[in-house]
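*Asks:*
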Amino acid sequence: MKLIVFLILLAILAIAELIYYRSHALDDLTLDVSFSKPVAAFGEVIEVIEVAENNKKLPLPFVILKFESPTSLIFLDMTNSTLSDLVYREDMLTMKPNSRHTRRIKVKCAKRGYYSFVRVNLTTSDVLLMEKITRTFANDASITILPELIPLPDMQTLLSITFSDVIQRRTLLTDPFSFSGIREYQPWDPMRSINWTATAKAGDFMVNQNASTSTRQVSIFLNLEFYNSKESQALLEKAISLAYSYTYELNSLGIPSQIFTNGKDAITGSTVIDALAADDSDNFRRGLALARIDIASGVIPFAELVDEFLPSTGANDYIVVISPKYDTIFRPILLSLKRKRPSLLWVWPCYHTTAMPEIETELRSNFMRWEVKGNDR
């Protein structure tokens, strides 16, 4: 009889414990997942920071934290992680009364873009482990990963063509008695422009920059329309990286530039257009703009982009079109553009194994093939 009474009391206590935990296990419990910095460079290693706080006197025997992460963030330690179309991360811990838990997880930023953690899931239990108790917490954490910076040697031809064209057209307008600064020597600079005093101080060749009575800028049109029927994105990502890296170098050379894309902003949904940039301080702003292009959201037709924004360019601008797409719909647009702006260069990102397309005679002198490694598997 005593045993029966004891078991009944034990069952009552267990039920009371379970009811209490159901009602209060998640009281005064906070959970937050954040990034160690809001903006990161391509390839940079940052930290995802988990913080859980139990601000009550009730202990939690275990807590499982779950969140989803894009595969563009590579966890250096894949323990407790499952990889599919997303990375599913689970971390388990025990929380004492009035305790705080912080865990820092290193991740590598492997792809340009805007990423956010909008929800985090938490699972706990009562002390007797009779029932799991789950809640989803709203979370507000985001990171912008800047586009990849292409190594300078891979852009040498493009920069040489650009510099040659821009300088050739500005030579007659350059004031040899007006000094605008000093920069590092580049292969296309004439020897007479070397500043020997600055070279001795810097330990590397430095050249004078003369001011121009009329500034000639570069206007870039970035076409992000799909270039094959599989709607591959690899070359589009390389095109964005090239546009960013190209303007980055133009700024360092003191050549003003502006960029027009038909991609859409991941947050606002508007077309990504970046106004005139003239120096290194503009690189960060432009990088953010290009980083937030969401290819999956679609693009406006390239013809519409040209019609709308070509009037924003100067009559003497050097026009650079970066486009992996090269079909019979795109090239007539390019021909029309050349007739309006003869100083034009079409940069075609492609793979080493890709065959040369049929190029109209009128465009051959305005065409540059830019090869990248890889394929569209």
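First residue of the sequence shown: -11, per this note's numbering; consecutive thereafter.
Cβ atoms here follow ideal geometry from the backbone N, Cα and C, with glycine treated the same way.
If you're wondering where the values come from, they're calculated on a predicted model, not measured in any experiment.
1. Name the DSSP beta bridge partners of Lys54, please?
2. With three or more beta-carbon pairs closer than 8 angstroms as the criterion, would you say the stretch 48 to 64 touches the stretch 73 to 84?
3. Would you check if the stretch 202 to 221 and the stretch 246 to 256 touch, i.e. whether three or more CB-CB distances between them fall below 8 angstroms?
4. Just to confirm my understanding: we take Ala254, look at its own chain, exclude 5 residues before and 5 after, and list those with CB closer than 8 angstroms. What are they?
5. Please state whether DSSP places Gly362 in a helix, a strand or coil.
6. Under a three-way DSSP split, which group does Leu230 fall into?
7. Locate the beta strand (DSSP E) running through Thr124, then write down its first and last residues.
8. For Pro49, does the three-state DSSP call read helix, strand or coil?
9. What residues are listed by DSSP as bridge partners for Trp334?
10. Is Met356 near Thr145, with beta carbons less than 8 angstroms apart?
11. Between which two residues does the beta strand (DSSP E) holding His89 run?
12. Write down the C-beta distance between Cys338 and Leu223 rounded to the nearest angstrom, noting that I regard them as a contact closer than 8 angstroms.
13. Please report the distance separating the alpha-carbon of Phe30 from that of Val21.
14. Where does Glu213 sit, in a helix, a strand or coil, going by DSSP?
15. Whole angstroms are fine: how far does the CA of Glu350 sit from the CA of Thr316?
16. Counting beta carbon pairs with one atom in the stretch 225 to 233 and one in the stretch 127 to 140, are three or more of them shorter than 8 angstroms?
17. For Lys328, tell me which candidate among Lys313, Leu298, Met66 has the shortest Cα-Cα distance.
18. Does the Cβ-Cβ distance between Ile0 and Val95 come in under 8 angstroms?
19. For Met118, count neighbouring C-beta atoms within 10 Å of its own C-beta (all shown protein chains included) and say buried if the count is 16 or more, exposed if not.
20. Give me, in chain order, the residues of the same chain whose beta-carbon lies closer than 7 angstroms to that of Met143; leave out the 5 immediate sequence neighbours on both sides.
21. Per DSSP, Lys252 forms a beta bridge with which residues?
22. Relative to the alpha-carbon of His12, which residue among Thr112, Asp73, Ser60, Thr342 has its alpha-carbon at the smallest distance?
23. From Ser397 to Ser353, what distance separates their C-alpha atoms?
24. Within its chain, find whatever has a CB closer than 7 angstroms to the CB of Asp15; leave out the 5 residues flanking it on each side and keep chain order.
25. Looking only at its chain, what residues have a beta carbon closer than 8 angstroms to the beta carbon of Val335, apart from the 5 residues adjacent to it on each side?
26. Would you check whether the ligand COA has a heavy atom nearer than 7 angstroms to the C-beta of Asp192?
27. Select from Tyr314, Val115, Leu64, Arg10 the residue whose C-alpha is nearest the C-alpha of Glu348.
28. Since Leu61 sits in a beta bridge, which residues does DSSP pair it with?
29. Could you give the first and the last residue of the continuous beta strand (DSSP E) run that contains Val36?
30. Pick helix, strand or coil for Glu348, following the three-state DSSP scheme.
31. Quick check on the DSSP output: the alpha helix (DSSP H) that includes Leu187 runs from which residue to which?
*Replies:* Checking against the coordinates, here is how it stands:
1. Walking along the sequence shown from the start, residue 54 turns up at place 66. DSSP lists Glu78, Asn109 as partners of Lys54.
2. yes
3. yes
4. As a first step, residue 254 must be located in the sequence shown, where it is residue number 266. If we look at Ala254 and ignore the five residues flanking it on each side, its Cβ neighbours are Gly101, Tyr102, Arg280, Ile281, Asp282, Ser285.
5. As a first step, residue 362 is located in the sequence shown; it is residue number 374 there, counting from the start. If DSSP states are grouped into helix, strand and coil, Gly362 belongs with coil.
6. For the purposes of this step, residue 230 is identified with residue 242 of the sequence shown, where counting begins at 1. In the structure shown, Leu230 sits in a helix (DSSP, three-state: H, G or I).
7. For this step, residue 124 is matched to residue 136 along the sequence shown. Start and end: 120 to 133.
8. Looking up residue 49 in the sequence shown gives position 61. Three-state DSSP puts Pro49 in a strand.
9. For the purposes of this step, residue 334 is taken as residue 346 along the sequence shown, with counting starting at 1. According to DSSP, which records beta bridges pairwise, Trp334 is partnered with Val309, Phe355.
10. For the purposes of this step, residue 356 is taken as the residue at position 368 of the sequence shown. For the purposes of this step, residue 145 is taken as the residue at position 157 of the sequence shown. Yes, they are a contact pair.
11. Working through the sequence shown from its first residue, we reach residue 89 at position 101. That run of the beta strand (DSSP E) goes 87 to 97.
12. For the purposes of this step, residue 338 is taken as residue 350 along the sequence shown, with counting starting at 1. For the purposes of this step, residue 223 is taken as residue 235 along the sequence shown, with counting starting at 1. About 7 angstroms; that satisfies the 8 angstroms criterion.
13. By one-based count along the sequence shown, residue 30 stands at place 42. By one-based count along the sequence shown, residue 21 stands at place 33. Cα to Cα, the separation comes out at about 21 angstroms.
14. Here residue 213 refers to the residue found at position 225 when the sequence shown is read from its first residue. In this structure, Glu213 counts as coil in the three-state DSSP scheme.
15. Along the sequence shown, read from residue 1 onward, the residue named residue 316 stands at position 328. Along the sequence shown, read from residue 1 onward, the residue named residue 350 stands at position 362. Per the coordinates, the alpha-carbon of Thr316 lies some 15 angstroms from the alpha-carbon of Glu350.
16. yes
17. Looking up residue 328 in the sequence shown gives position 340. Per the Cα distances, Leu298.
18. For the purposes of this step, residue 0 is taken as the residue at position 12 of the sequence shown. For the purposes of this step, residue 95 is taken as the residue at position 107 of the sequence shown. Cβ atoms of Ile0 and Val95: not closer than 8 angstroms.
19. For the purposes of this step, residue 118 is identified with residue 130 of the sequence shown, where counting begins at 1. Exposed: under 16 other Cβ atoms inside 10 Å.
20. Residue numbering aside, residue 143 sits at position 155 when the sequence shown is read from its first letter. Excluding sequence neighbours, Met143 sits near Ser233, Tyr234, Glu237.
21. As a working note, residue 252 is residue 264 in the sequence shown. In DSSP, Lys252 forms a bridge with Thr259.
22. By one-based count along the sequence shown, residue 12 stands at place 24. The shortest Cα separation from His12 among Thr112, Asp73, Ser60, Thr342 belongs to Thr112.
23. There is no way to answer for residue 397, as the model of the chain reaches only from -11 to 365.
24. Along the sequence shown, one-based indexing puts residue 15 at 27. Once the five neighbours on either side are set aside, the close Cβ partners of Asp15 are Lys44.
25. Here residue 335 refers to the residue found at position 347 of the sequence shown. Taken in chain order, the residues that qualify are Leu146, Leu230, Val308, Val309, Ile310, Ser311, Met356, Trp358.
26. Absence of the ligand COA from the depicted structure is noted, as is the absence of any ligand whatsoever, leaving it without description.
27. In the sequence shown, counting from the first residue as 1, residue 348 sits at position 360. Of the listed residues, the one whose Cα sits closest to Glu348 is Tyr314.
28. Mapped onto the sequence shown, residue 61 falls at position 73. Answer by DSSP bridge pairing, in chain order: Cys97.
29. Position 48 of the sequence shown holds residue 36. Per DSSP, the continuous beta strand (DSSP E) segment holding Val36 begins and ends at 33 to 42.
30. Within the sequence shown, residue 348 is the residue found at index 360, counting from 1. Glu348: coil per DSSP, three-state reduction.
31. The count along the sequence shown starts at 1 and reaches residue 187 at position 199. The displayed chain sequence assigns Thr, not Leu, to residue 187. Its alpha helix (DSSP H) spans residues 184 to 190.
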